Amino acid sequence: MSMGKTKGLSATQRTLRALRDQGRVCAIVEKFNAYAGPFGRREDLFGIIDILALDPERGVVGIQCCTSDFKAHKDKIMVEKHQETHDWLSTPGTALEIWGWRKLKLKRGGKAERWTPRVETITIEDLNAR
């Protein structure tokens, strides 16, 4: 899975485009809270989910989107928001993924790059192993 012509898009917009290209129904569920802090801030659903996608095999998939800070987002889901993640994954018909976007070279030594997602599924077993 790779994306072309996505200059200037956020990780959320890149993820939405990729999901829709796969034929999945999806929607943004994070919101902007103008009253949080001096300039406002984005708030994820349950503190862990940016996008919800419908998957015919797994049900409702919660997706956390990010760019180069993949590990920080995974740590947030696994440690800081452990209870919220456990509650989500304990609910039948749900799944959780992290989509981390990065630019990768098309050819070794070449200059051309393409935004490519690293997709990792978080399971209840992963969460309990910590």
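The working numbering puts the first residue of the sequence shown at 408, with every later residue one more than the last. C-beta: ideal position from N, C-alpha, C; glycine also. Treat the numbers as computed from the prediction; the structure is a model and nothing was measured.
DSSP places ALA418 inside the alpha helix (DSSP H), whose first and last residues are 418-428. The residue from GLU504, ARG521 and ASP476 with its alpha-carbon nearest to that of LEU461 is GLU504. Beyond the five residues adjoining it in sequence on each side, ARG537 comes within less than 6 angstroms, by CB distance, of MET485 in the same chain, given in chain order.
LYS488 places its beta carbon less than 8 angstroms from that of ILE455. Sequence-distant partners of GLU527 (beyond 5 residues in either direction) whose C-beta falls short of 6 angstroms from its own C-beta, in its chain, are ILE505. Within the model, the alpha-carbon separation for VAL468 versus LEU459 is close to 6 angstroms.
For a cut-off of 8 angstroms, the C-beta gap from THR492 to LEU534 is around 6 angstroms, short enough to register as a contact. Listed in chain order, the non-local C-beta contacts of ARG449 below 6 angstroms within the same chain comprise GLU437 and PHE439, local neighbours out to five positions each way being set aside.
Taking all protein chains shown into account, THR419 has 16 or more neighbouring C-beta atoms within 10 Å of its C-beta and is therefore buried. Between GLY444 and THR501 a beta carbon distance of about 30 angstroms is seen, past the 8 angstroms cut, so the two are scored as non-contacting. Boundaries around ASP462 are those of the beta strand (DSSP E), 458-462, since no alpha helix (DSSP H) includes it. The three-state reading of DSSP puts LEU534 in helix, counting H, G and I together. In this structure, THR474 sits near TRP508, with a CB-CB distance shorter than 8 angstroms.
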